[in-house]
Every structure is written in C-alpha cells, then in structure tokens.
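Each residue of the sequence shown is one higher than the one before, counting from 101 in this note's numbering. Everything on this sheet refers to the single structure shown next.
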Amino acid sequence: MALSWRSWLANEGSKHLFLFFWLSLNVWFFGKTFLLYYQGLQYYYLHQMLGLGLCVSRASASVLNLNCCLVLLPMCRVLLAFLRGSQRVASRKTRRLLDKSKTFHVTCGVTICIFSVLHVAAHLVNALNFSENYNEDFPAINAANYRGEDPRKLLFATVPGLTGVIMVLVLFLMCTASTYAIRVSNYDIFWYTHNLFFVFYILLMLHVSGGVLKYQTNLEEHPPGCFNPNKTLRQNMTMPKAFEELFPDYTTECFPQDLPVPEPFVQNNLMRICSEEPKFQSHFPETWLWISGPLCLYCVERLYRYIRSNKPVTITSVISHPSNVLEVRMVKDDFKARPGQYVILHCPRVSTLESHPFTLTMCPTDTKATFGVHLKVVGDWTERFRDLLLLHSNQDAEILPIFQQRRYPNDDWKCYKLRRLYFVWVCRDVESFRWFADLLCMLHNKLWQENRPDYINIQLYLSQTDGIQKIIGEKYQALNSRLLIGRPRWKLLFDEIAKCNRRKTIGVFCCGPNKISKILHKLSNSSNSYGTRFEYNKESFS
Numbered sequence: 101m102a103l104s105w106r107s108w109l110a111n112e113g114s115k116h117l118f119l120f121f122w123l124s125l126n127v128w129f130f131g132k133t134f135l136l137y138y139q140g141l142q143y144y145y146l147h148q149m150l151g152l153g154l155c156v157s158r159a160s161a162s163v164l165n166l167n168c169c170l171v172l173l174p175m176c177r178v179l180l181a182f183l184r185g186s187q188r189v190a191s192r193k194t195r196r197l198l199d200k201s202k203t204f205h206v207t208c209g210v211t212i213c214i215f216s217v218l219h220v221a222a223h224l225v226n227a228l229n230f231s232e233n234y235n236e237d238f239p240a241i242n243a244a245n246y247r248g249e250d251p252r253k254l255l256f257a258t259v260p261g262l263t264g265v266i267m268v269l270v271l272f273l274m275c276t277a278s279t280y281a282i283r284v285s286n287y288d289i290f291w292y293t294h295n296l297f298f299v300f301y302i303l304l305m306l307h308v309s310g311g312v313l314k315y316q317t318n319l320e321e322h323p324p325g326c327f328n329p330n331k332t333l334r335q336n337m338t339m340p341k342a343f344e345e346l347f348p349d350y351t352t353e354c355f356p357q358d359l360p361v362p363e364p365f366v367q368n369n370l371m372r373i374c375s376e377e378p379k380f381q382s383h384f385p386e387t388w389l390w391i392s393g394p395l396c397l398y399c400v401e402r403l404y405r406y407i408r409s410n411k412p413v414t415i416t417s418v419i420s421h422p423s424n425v426l427e428v429r430m431v432k433d434d435f436k437a438r439p440g441q442y443v444i445l446h447c448p449r450v451s452t453l454e455s456h457p458f459t460l461t462m463c464p465t466d467t468k469a470t471f472g473v474h475l476k477v478v479g480d481w482t483e484r485f486r487d488l489l490l491l492h493s494n495q496d497a498e499i500l501p502i503f504q505q506r507r508y509p510n511d512d513w514k515c516y517k518l519r520r521l522y523f524v525w526v527c528r529d530v531e532s533f534r535w536f537a538d539l540l541c542m543l544h545n546k547l548w549q550e551n552r553p554d555y556i557n558i559q560l561y562l563s564q565t566d567g568i569q570k571i572i573g574e575k576y577q578a579l580n581s582r583l584l585i586g587r588p589r590w591k592l593l594f595d596e597i598a599k600c601n602r603r604k605t606i607g608v609f610c611c612g613p614n615k616i617s618k619i620l621h622k623l624s625n626s627s628n629s630y631g632t633r634f635e636y637n638k639e640s641f642s
C-alpha cells in the first residue's frame, strides 16, 4: 500500500503545504517591512540612531498585525457554519478546510507568540539605543529626554512601554494556559485566561497610539544627510552675506571635508545644500485598520450567540449510564437537526462563559421533537453539570440554553446507498462499553428479526486488560461474541473491507484520538489492488 503523490497530498502533504504557504506569507511580510525601514530615506535619521533594531521591530510588528487580524476569524463559528452550509461552498474539500479552522487559529496563535518574542527583543535594543545615541541635532525623533537616560523609564513610564509589558504578561498567560496539560486538567483556567484576548486587543490599540517611532516628512526640502549652512556653519563662525548668494537652496557645491555628512549622500565629493530643518511625524497607527474589522465581527457574533442562547430548552429526562456517562434528552421549539450534527451546550448555572460541543445521539423527527446527547464526565464543567442535573431539583435544571452549530448544504445523497456498516469500537476497560451496549444490542436484535444480520458488522476491542473479560449481563451475549482482546489491526481490516467491496466507495468516519485518526487517514488514502476507494472523514467541532 505505497502512498502515491495524491495520497501524500491528501494526508500529511496538505498540512505541510499549508504550513509552507503560511510561513512564506509571514516571511514575505517581514522581509518587505524590513527593507522598507532599512532602505527608506524617510527613516534615515531614525535608522542611524537605532540600527537594525528599528527594522526588526517594525517588520515583526507587520507580521503581528496580520496574525492578530486573522486569528479571530476561525472563532466566528456562526459565520463558518453559514459558509459551510451555503450552496456557494458546494465542494466537500472546501468544507473540510473550514473544519480545520481550529488548526488555523492555533497556527496564528503560535506565530503571534514567536514574533512577539522577536518584537520585544528588538524594542529592548531600541530602548537602549535611544538612551545611548541621543541626537541633540534632531530632538523630535528622540524617545529619551537626554543622553544616558535609564532605558527602564522608556519601558515602564511611557504608554507604549507599559502597555507592551502588560501585553507580554497577558500573552504569556494565554499561551501557557492553552497547553494540552492545563486544558485537560483544568479547562476553566484555559477558558477564562483565553478570554483575556479582549484586554490584549485594547492594550494593543493603546500601544500603537504612542507614536514613538517617527519618519521624516520633508524629503524634498531636506534630503537626508544634506548640508545646512544656516545651522552647521553658524555654530562655528559668522556667515558672510556673500555665502548665502553663493549657496542658494538646492545647489551643489564642493563638500567641506571637515563636516560630518553621511557618506551615502555624498557623490563625487559633492553634496546638496538646503536651508530647511528636517520635520518628523509619527505614523498613523495601522493596527486599527488590521484588527478593527475582525474584532467587530467577532463581537457581533458573540452578541448574536448570546441572544440565541437565551431561547431555552426543556430537559425531559436525564439517564445515568455506567462509566460516568450521562444521557440528556431535551426538547426545543422549531429545532431541526440531522444525524452527525452537534450542538453546543451552555448552562449559566454551571459557568457564565464556558460552553462545550456534543454530538447529537438522538435527532428530532417529524413525529418526535426530542433530541439528546451523551456526555462523559471527565472534567470540571461536566462534573458540575452532572451534579446540577442529578443532585438538584428538576426546577433548578429545567432550563438549559443551547444553540445549533453545524449546518449542511442540501447535497444530493440519493446516489449513495448504505449497503453495510462496519462499526469498530476501541475501549480501555470493559465497563466503557456498557453505556452504549443497550443500543447496540437493540440494533442487533432488530436486524436479526428483519433477516438482515449482516447489515452491520460490530467489532469491539478491549485494548488494555489483565485477562479475558465480558460485558456482564445475559442481554449482552450478542456483543460478547464480538469482543476482541487487543488493538485492531487496521491494515488487515482495511484489506478485508476492500476485498469484499471491490471498486466501490467506502466512507470512513472517525471519532477518536488524533493518533488513531492519523493511522486511518493514511490507510484511507493508500492505494489497494481491489480498486476500492476510501473517503476519510474526521469528526470536527470547529
């Protein structure tokens, strides 16, 4: 099963190409701004003072503007759901790209962290250079008040410096709390620290309004490095009246060897003479233009989701299953959903801001409005949610705001006919099977009654065990015969399915950890000798 070029592109190749494209785009932004500040004449005097620290700080700032603009778009869930369900996005590959919005959000976040470190390091060098290279001839471009001023004053006693320090602390908290270990152990820490991005963006707008770095505005009247007799010569001697007649504005004369005029602006021992002093001005804060649109869009969406969540649902029943699994059944007016969709549950009594997605295990129909989810108690939010539902009165747990997330376009699925279902379930302990075993047994018995026993192939794998175990109960005998010890041999399983379904299309649907997902994705895109085509699909809550 060697991977072809198309298979590699469908597997890891697409991710690698995306990362290469994103890296190239950020490097292009960085290099373009770096050259602008390195070669631009309007930054000549500032560059003489700060050196490469100016170029690196501004180049990294341009990359930060780009990523701070795009990092919010993947979190606009309602917009993405609308695009995914729109007929304009008819391609399945395009919809799968929209499902990778979380990956894009993480990529932008990592990029922000990397270039923030580079930006901070460059500005630390700039603060030191502002103090040591204080320019008395052009006081307007100095951030320091005098030569030798403590650089720490520029960092902690100015608006750009102070807001920058606070932003670094906020970004550090957001990054550390986003790690997998903290998200698993205490999701509340991750959720509440991540919402500090509002503070980060407010500080970012204040940070760029300081106007510390300035550029020259009168390049035509005062070319950088030109000789100004009205200032330079009068500092050392009395200028005769004939000198002004011999050296009018924009004339070229021999360069006085004893005057320190920058070499790049002297050609053939000649220089340009002018009488006007250079004028400097701060840049308009471009960060507003980058982040105001996405930030307003995200705020409008958060407001829309809050309004939608105020339309309550009624919990009809709560069923406790083994292995800390709860089944919650609910009803809501005018709620429609299709199998495979998920909903996001938000319970204000549990957490004001926190919400979580759950796959629908029971969908409403034309005759039955009830829908439900199964949730496993594995964290703080699910533990408090369970206690609220089971330990408190029904009146306290009656209302639960909820809103639908996933939308699908009206695809024509009539050309596809389900012939057989292979159901593979891997668990670490035998008790984990019991919460879903009743439904599997019910389905198995129904197929036997309809003389369709081969319609579904159920295989249960117990990956970790000290001995042979069984699902307790006589009603589970049909499942005990299908319980296997060990882990699935995925390659052999794919070969067997491909052999039994020659030249057909097989849909592969994965709901599980990323390690298994990568294996199944690779096998789905591998070639086989039976002409069978596997279409891989991974459950995504993006």
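Just so it is clear, CB atoms sit at the ideal spot from N, CA and C, and this is done for glycine as well. Keep in mind it's a predicted model, so treat the numbers as computed, not measured.
- DSSP, reduced to helix, strand and coil, places Arg-184 within a helical segment of the structure shown.
- The criterion of a C-beta distance shorter than 7 angstroms is satisfied by Gly-153 and Val-225.
- Take Pro-553, set aside five residues on each side of it, and the residues of its chain with a beta-carbon closer than 6 angstroms to its own are Leu-547, in chain order.
- When C-beta atoms of the region 376-384 are compared with those of the region 310-320, three or more pairs fall below 8 angstroms, so the two segments count as touching.
- Apart from the 5 residues on each side of it in sequence, Val-220 sits with its Cβ closer than 8 angstroms to the Cβ of Gly-264, Val-268 in its chain, given in chain order.
- Assigned with DSSP and collapsed to three states, Glu-321 falls in coil, not helix or strand.
- For the pair Trp-122 and Phe-130, the Cα-to-Cα distance works out to about 12 angstroms.
- For Ile-214, the closest of Ala-161, Arg-195, Ile-266 by C-alpha to C-alpha distance is Ala-161.
- When the five nearest sequence neighbours on each side are left out, the beta carbons in the same chain lying within less than 6 angstroms of the beta carbon of Tyr-630 are those of Ala-598, Lys-599, Arg-602, in order along the chain.
- The Cβ-Cβ distance between Phe-471 and Pro-464 falls below 7 angstroms.
- Under the 8 angstroms Cβ criterion, the region 418-427 does not count as touching the region 400-407, having fewer than three qualifying pairs.
- Leaving aside the five residues that flank Phe-204 on each side, the residues in its chain whose CB is nearer than 6 angstroms to its CB run, in chain order, Pro-174.
- With respect to the 7 angstroms criterion, Trp-590 and Leu-562 are not classified as neighbours on the basis of their beta carbons.
- Excluding the 5 residues flanking it on each side, His-223 has same chain C-beta neighbours closer than 6 angstroms at Ser-157, in chain order.
- Assigned with DSSP and collapsed to three states, Pro-394 falls in helix.
- When the Cα atoms are used, Ser-278 and Pro-323 turn out to be separated by approximately 50 angstroms.
- Assignment of Leu-296 by DSSP, reduced to helix, strand and coil, places it in the coil class.
- Beta-carbon to beta-carbon, His-474 and Thr-461 are separated by about 5 angstroms, close enough to satisfy the 8 angstroms threshold.
- Per DSSP, reduced to three states, the secondary structure at Thr-482 is helical.
- Within the same chain, Cβ atoms closer than 7 angstroms to the Cβ of Thr-632 are found at Ala-598, Asn-601, Arg-602, Arg-603, Lys-604, Ile-606, the five residues on either side in sequence being excluded.
- Cys-176 counts as buried, since at least 16 other C-beta atoms from the protein chains shown sit within 10 angstroms of its C-beta.
- Cα atoms of Glu-635 and Ala-469: separation of roughly 32 angstroms, rounded to the nearest angstrom.
- For Ile-241, the CB contacts under 8 angstroms within the same chain, skipping 5 residues up- and downstream, are Tyr-145, Leu-146, Met-149, Asn-235, Lys-314, Phe-380 in chain order.
- Residue Arg-196 holds the alpha-carbon nearest to the alpha-carbon of Leu-183 among Arg-196, Leu-172, Val-171.
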